[in-house]
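*Asks:*
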Amino acid sequence: MRSSANVVIIGGGIIGSATAYYLAGLGIKDIVILERSYLSSGATGRCGAGVRQQWGLDMNCQLAKASVDIFENLREELDYDIEYRQGGYLVLAHNETQVEQFKRNLSVQAKYNIPSRLISVKEALEICPYLDTSRFIAATFCPTDGHANPFLTNYAYANAASRLGVEINKFTEAREILIEKGRITGVVTDQGTIRTSIVVNAAGGYSREVAAMAGITIPTYSERHQILVTEPIEPLFQTMVISFQIGIYTQQVPHGSFIMGISEKEEPSHNINASWHFLEYMVGQAVQILPIFKRLRVVRQWAGSYNKTPDAQPIVGEAEDLPGFFQAVGFSGHGFMIGPSTSKVLAQMIAGQPPEIDVSPLTYKRFQTGKLILEPSVVG
Amino acid sequence: MEEKKDIVICRCEDITLDMIRECIRNGADNLEEIKRTLRCGMGPCQGTTCMPLIRKELARYLGVSIDEIEMPTKRPPLLVTKFETILEGVEGEE
Numbered sequence: 279m280r281s282s283a284n285v286v287i288i289g290g291g292i293i294g295s296a297t298a299y300y301l302a303g304l305g306i307k308d309i310v311i312l313e314r315s316y317l318s319s320g321a322t323g324r325c326g327a328g329v330r331q332q333w334g335l336d337m338n339c340q341l342a343k344a345s346v347d348i349f350e351n352l353r354e355e356l357d358y359d360i361e362y363r364q365g366g367y368l369v370l371a372h373n374e375t376q377v378e379q380f381k382r383n384l385s386v387q388a389k390y391n392i393p394s395r396l397i398s399v400k401e402a403l404e405i406c407p408y409l410d411t412s413r414f415i416a417a418t419f420c421p422t423d424g425h426a427n428p429f430l431t432n433y434a435y436a437n438a439a440s441r442l443g444v445e446i447n448k449f450t451e452a453r454e455i456l457i458e459k460g461r462i463t464g465v466v467t468d469q470g471t472i473r474t475s476i477v478v479n480a481a482g483g484y485s486r487e488v489a490a491m492a493g494i495t496i497p498t499y500s501e502r503h504q505i506l507v508t509e510p511i512e513p514l515f516q517t518m519v520i521s522f523q524i525g526i527y528t529q530q531v532p533h534g535s536f537i538m539g540i541s542e543k544e545e546p547s548h549n550i551n552a553s554w555h556f557l558e559y560m561v562g563q564a565v566q567i568l569p570i571f572k573r574l575r576v577v578r579q580w581a582g583s584y585n586k587t588p589d590a591q592p593i594v595g596e597a598e599d600l601p602g603f604f605q606a607v608g609f610s611g612h613g614f615m616i617g618p619s620t621s622k623v624l625a626q627m628i629a630g631q632p633p634e635i636d637v638s639p640l641t642y643k644r645f646q647t648g649k650l651i652l653e654p655s656v657v658g
Numbered sequence: 014m015e016e017k018k019d020i021v022i023c024r025c026e027d028i029t030l031d032m033i034r035e036c037i038r039n040g041a042d043n044l045e046e047i048k049r050t051l052r053c054g055m056g057p058c059q060g061t062t063c064m065p066l067i068r069k070e071l072a073r074y075l076g077v078s079i080d081e082i083e084m085p086t087k088r089p090p091l092l093v094t095k096f097e098t099i100l101e102g103v104e105g106e107e
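Chains as they are written, first to last, in the numbering used here: chain W, 279 to 658; chain A, 14 to 107.
Structural data, given as structure tokens:
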């Protein structure tokens, strides 16, 4: 392991790997990633793999659209098949209030050339013929939303970063951030100390603990979310089906299996054990929207952490109270899908360049000033 | 050691010895990353057949003893279960 670096990134998930890749691409040398376990062991490797642009706030639409622009070319850019597919996202509306909200969202999405539209139940059936029509009254659909394999995306960025000279230390845990006179001077790990003046907190579920090492208090917390995967079957439909009201999403991935998740009431914790309750609840809710699912067979279930903030929006940027301490954390369940663009913007900020998207509202100071960002379209 | 292209190691996902060796050569130095890259161990048997073989292969490549290679997590429900069966279980309790 290096004894000094220009930038030390804590976390080897999509944010850490992609930030390292974009930083190296901007000509920054001597970048080190610290990952305390294997790559993709945290939230990235446990996520639902969806890529959605149907948001209700300008900045989220911008970040999501910019990520899709990156995803569309990532296979060529990183020379790695990430199983990216644009089968769309079908968002179910269950009542008139939701229809009105979705119309407002669509007008924001249209500003950024996101090709989403309001559709009738009949049109929804053309996209997904198996929906129970008694369960929704309309939907929105965006054909360029879709799916990417989170493991492969993570490895694609990590491998590309390695080729550009980034040092990736797996099974290496950051223990302490050294600070002298208000400046970062190093990171102590269980494998030795690295001198550096710039540290990136990309620690996903453990963001608050890493921020605390730098003496920064952030209100992020981890919350268990669970997913199951079925046996592969013949292709039924391409789109992701999602309901904010039920907190459910499901999609058939290129492999042929269905992935599905649902939000449950959980206390903040680092618990990532799967539960039987989830299996029963998930299956019970899924068959109500898609009765054909009765004949699916579950192969595995797993759990991971959403790292949440009080307004379900991430914290991105340099800490006002500690120069050189950058963060991209608290994605609240949508870190994978906006990971590529957010990492690119973060790399630009670290390199001292103007970021291509203004993410200044994502400062952690908003939780002190009360300037919260309230996004209407989040899943639990 | 050559001519092993057609040796299927993971029968659930159709993964050959060659693919596993390439994955290891490309930097996957633990079973979790091999599983996540190739899907071996993600099928119905969850690695019961393939993981001991891949573990041996990885240990040999890294020059360590098999005991030093950690096995991936096995996840519930262990046996492939039809949604209908789970639903019947729920109804039976009520």
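Note that CB positions come from ideal geometry on N, CA and C, so glycine has one too. Since this is a predicted model, take the numbers as computed values, not measurements.
In its own chain, which residues sit with a C-beta less than 8 Å from the C-beta of G366 of chain W, not counting the 5 before and 5 after it?
*Replies:* I405, F419, C420, P421, T422, D423, G424, Q516, T517 and M518
*Asks:* Hey, which unbroken runs of the alpha helix (DSSP H) at 4 residues or more fall wholly within the stretch 551-630 of chain W?
*Replies:* Counting only runs of 4 or more, we get 554-567 and 617-628.
*Asks:* Label S319 of chain W either buried or exposed according to how many other C-beta atoms from any shown protein chain fall within 10 Å of its C-beta, with 16 as the threshold for buried.
*Replies:* buried
*Asks:* E350 of chain W by DSSP, collapsed to three states: which one?
*Replies:* helix
*Asks:* Determine whether the beta carbon atoms of Y300 of chain W and S621 of chain W lie at a separation below 7 Å.
*Replies:* Contact: yes.
*Asks:* Between the C-alpha atoms of Q605 of chain W and E596 of chain W, what's the straight-line distance to the nearest angstrom?
*Replies:* 6 Å
*Asks:* So with Cβ pairs under 7 Å, would you call K69 of chain A a contact of chain W?
*Replies:* Not an interface residue.
*Asks:* Whose Cβ in chain A lies nearer than 7 Å to the Cβ of V561 of chain W?
*Replies:* F96, I99 and L100
*Asks:* Which chain W residues are close to V103 of chain A, counting only those with a beta carbon under 7 Å from its beta carbon?
*Replies:* By Cβ distance, chain W contributes E558 and G562.
*Asks:* Output the boundary residues of the beta strand (DSSP E) element that contains C277 of chain W.
*Replies:* Any answer about residue 277 of chain W is impossible in this case: the structure gives chain W only from 279 up to 658.
*Asks:* Which parts of the stretch 36-91 of chain A are runs of the alpha helix (DSSP H), unbroken and 4 residues or longer, counting only runs that do not cross its ends?
*Replies:* 44-51 and 63-75
*Asks:* Say whether chain W places a C-beta atom closer than 7 Å to the C-beta of P57 of chain A.
*Replies:* yes
*Asks:* Is R49 of chain A close to chain B, meaning its C-beta is less than 7 Å from at least one C-beta of that chain?
*Replies:* Absent here is chain B; the protein component of the structure consists of chains W and A.
*Asks:* Keeping to the same chain, check which residues put their C-beta closer than 8 Å to that of S485 of chain W; ignore five residues upstream and five downstream.
*Replies:* Excluding its 5 nearest sequence neighbours in each direction, S485 of chain W has C-beta neighbours in its own chain below 8 Å: N479, I496, T498, N585, I593, Q605, V607 and G608, listed in chain order.
*Asks:* Can you confirm whether the stretch 538-549 of chain W touches the stretch 367-377 of chain W when touching is taken to mean that 3 or more C-beta pairs between the two stretches lie within less than 8 Å?
*Replies:* no
*Asks:* Whose Cβ in chain W lies nearer than 7 Å to the Cβ of R88 of chain A?
*Replies:* A552, R578, Q579 and W580
*Asks:* With DSSP run on the structure shown, which of helix, strand or coil describes M279 of chain W?
*Replies:* coil
*Asks:* Quick one: Cα of I476 of chain W to Cα of R73 of chain A, how far?
*Replies:* 39 Å
*Asks:* My parser needs the beta strand (DSSP E) runs of 3 or more residues fully inside the stretch 424-475 of chain W; what are they?
*Replies:* 445-447, 452-458, 461-467 and 470-473
*Asks:* In angstroms with no decimal places, state the Cα-to-Cα distance between R382 of chain W and I293 of chain W.
*Replies:* Using only the alpha carbons, I get a separation of about 30 Å.
*Asks:* Specify the secondary structure class of E107 of chain A as computed by DSSP and reduced to three states.
*Replies:* Note that E107 of chain A has pLDDT 47, beneath the 50 cutoff, so the model's placement of it is unreliable and the number below is only indicative. Of the three classes helix, strand and coil, the one that applies to E107 of chain A here is coil, per DSSP.
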